[in-house]
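Note that my numbering numbers the sequence shown so that position 35 is 91, with each residue one more than the last.
So the structure is just underneath, and the comments pick up after that.
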Amino acid sequence: MISHKYRVRLPLMILCMVALAAAPAVAAATTSLTVMNVTRDGKTVFSEQTVSFQWMAQNLPVLGNGVTHYYHQGPVMNASIPDKWNPQENDPVILTKDYGAVKGTDVKDLCNLVGGMDPDDLYVVLEAPDGFSKAFAYSSVYTPQPRTGPVVITWYRADEGYVNQSYATGMRNVMFADTTNNPWGAHVFGLWDMHEAYPEGFWYYYQPGLPSTTGLSVQNIDTVKIVSRYPLPLPGQSRAPADPDNDHLYEDLNGNGFLDFNDLVLLYNHMAWVSGNEPVSLFDFDSSGSLNINDVIRLFQEL
Ligand SMILES: [Ca+2]
Ligand SMILES: [Ca+2]
Ligand SMILES: [Ca+2]
Numbered sequence: 057m058i059s060h061k062y063r064v065r066l067p068l069m070i071l072c073m074v075a076l077a078a079a080p081a082v083a084a085a086t087t088s089l090t091v092m093n094v095t096r097d098g099k100t101v102f103s104e105q106t107v108s109f110q111w112m113a114q115n116l117p118v119l120g121n122g123v124t125h126y127y128h129q130g131p132v133m134n135a136s137i138p139d140k141w142n143p144q145e146n147d148p149v150i151l152t153k154d155y156g157a158v159k160g161t162d163v164k165d166l167c168n169l170v171g172g173m174d175p176d177d178l179y180v181v182l183e184a185p186d187g188f189s190k191a192f193a194y195s196s197v198y199t200p201q202p203r204t205g206p207v208v209i210t211w212y213r214a215d216e217g218y219v220n221q222s223y224a225t226g227m228r229n230v231m232f233a234d235t236t237n238n239p240w241g242a243h244v245f246g247l248w249d250m251h252e253a254y255p256e257g258f259w260y261y262y263q264p265g266l267p268s269t270t271g272l273s274v275q276n277i278d279t280v281k282i283v284s285r286y287p288l289p290l291p292g293q294s295r296a297p298a299d300p301d302n303d304h305l306y307e308d309l310n311g312n313g314f315l316d317f318n319d320l321v322l323l324y325n326h327m328a329w330v331s332g333n334e335p336v337s338l339f340d341f342d343s344s345g346s347l348n349i350n351d352v353i354r355l356f357q358e359l
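Structure (C-alpha cells):
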C-alpha cells in the first residue's frame with residue numbers, strides 16, 4: 057500500500073528522471089591528466105604518468121597570477137579588415153575572446169614527467185575525452201617565442217574557481233602570449249603570432265582563408281601525448297616499421313603492411329643499427345632484453 061506521501065512524490069520523481077535523461081550531455085571539467093610518451097603510430101606506450109591538478113599546482117611551476125587575462129584571436133569576420141591574418145592584431149572582437157585570469161601548468165613541464173620531448177619527435181597532442189585534440193610542434197612547447205608564449209594547461213580561472221569548482225571548460229590549454237602588438241596592450245595570441253612562430257603544419261583555420269587561434273584551445277583535456285619519432289625507418293627504407301598485429305612488437309620492419317621475408321633480412325643486416333638507434337623493446341621478439349640472432353629466428357617462425 058503506497059502511502060499518501062509517495063503517491064504525490066513518485067510521479068514527480070519520474071518526471072525528474074525523464075528530464076535528466078533528456079538533458080543534453082554537458083562536458084565536465086577534467087581534474088587529472090595522463091601524460092604519455094608513445095610510438096609514432098600511437099600504438100605503444102613507452103612511459104606514462106597520471107597527475108591531478110592539485111599535484112600539478114603543488115609540484116610544478118604555476119604560470120599565471122590569477123589577475124592577468126589571456127586572449128586568443130578568432131577568425132576575422134570584420135569586412136573592414138581585408139587581411140584575414142590581421143597582422144595589426146586590432147580586430148575589436150579579440151576582446152570578446154577573453155579566456156580569463158587563468159593559472160595553469162606548462163605543457164613542457166608535463167612532458168618532462170615522462171622523459172621529455174626531443175626536437176626530432178613528431179609533436180605533442182592534447183586530447184579531450186570527446187575525441188577533440190590539437191597537435192603542437194616541439195618548438196611551440198619547448199622554445200616558444202614571447203609573442204605566442206608557452207602552451208599552458210589551465211586548471212583555475214579567477215571568475216570560476218578551480219576545475220573541481222565551476223571552471224567547466226578546464227582543463228583547457230591557453231597560450232600565455234606577451235602584449236605585442238595590439239592597440240590595447242592585452243596578452244593576445246594573435247593570428248599573425250601563430251603565422252610567424254608556429255610551423256605551418258600546425259596552423260588552425262576556422263574555414264579556408266580564415267585562420268583562428270581559438271581553435272587551438274582544447275577544453276576538458278585529459279591526455280597529453282608525446283608522439284615520438286620511434287620507430288625510425290631502417291637504413292635505406294622510406295617507411296617506418298609497423299605493428300600489424302598490435303602486440304607492441306614491430307615485426308613489419310620495412311613498413312609495407314605485413315610480415316614478409318624482407319623484414320627478416322632487414323633485421324639480420326641491420327641488427328647493430330637497430331640496437332643502437334631504436335627502442336630495443338619494439339624488436340625484442342624473444343623477450344630476452346636485447347637483440348640477437350634469436351630474434352630473427354623467432355620472426356622467421358612467425359612467417
Ligand atoms: Ca600578440
Ligand atoms: Ca606486432
Ligand atoms: Ca614487411
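For each residue, glycine too, the CB sits at the ideal point set by N, CA and C.
One thing to note: V274 has its Cβ within 8 Å of the Cβ of S189.
What you get when you keep residues with a C-beta closer than 5 Å to any heavy atom of ligand 1 is A233, V244, G246 and D249. The DSSP-derived three-state label of R228 is strand.
In this structure L89 is not in contact with L178, their Cβ atoms being roughly 20 Å apart against a cut-off of 8 Å. Within a 10 Å sphere around the beta-carbon of D301 sit fewer than 16 other beta-carbons, which makes this residue exposed. Going down the chain, each residue whose beta-carbon is closer than 5 Å to a heavy atom of ligand 3 shows up: D308, N310, N312, D316 and D319.
The C-beta distance from M250 to T270 rounds to 11 Å, too long to fall under 8 Å, and the pair is not in contact. DSSP links I282 through a beta bridge to N93 and V180.
Restricting attention to alpha helix (DSSP H) runs no shorter than 4 residues, the stretch 154 to 207 encloses them at 163 to 167 and 194 to 198, ordered along the chain.
Just measuring C-alpha positions, the residue of N146, N238 and G226 sitting nearest A214 is G226. In this structure, the beta-carbon distance from A193 to Y254 falls below 8 Å.
Ranked by Cα distance from I353, the options V321, L338, P335 and W329 are led by V321. In summary, L151 is exposed, with fewer than 16 beta-carbon neighbours lying within 10 Å of its beta-carbon over all protein chains present. Burial state of Y306 is buried, judged by a 10 Å Cβ sphere holding 16 or more other Cβ atoms. Remark: C-beta atoms of H125 and H243 approach each other more closely than 8 Å. Taking D154 as the centre and dropping the five residues before and after it, the same chain places the C-beta of H125 and Y127 closer than 6 Å to its C-beta, in chain order.
For R213, DSSP records a beta bridge to V158 and G217.
Scanning its chain for C-beta atoms nearer than 7 Å, with the 5 sequence neighbours on each side dropped, one finds around G171 the residues N93 and S103, in chain order. Following the DSSP letters along the chain, one finds S331 inside the alpha helix (DSSP H) bounded by residues M327 to N333. Rounded to the nearest angstrom, the Cβ distance from L359 to F317 is 7 Å, consistent with a contact under 8 Å. Distances from the CB of P287 to the heavy atoms of ligand 2 are all 7 Å or more.
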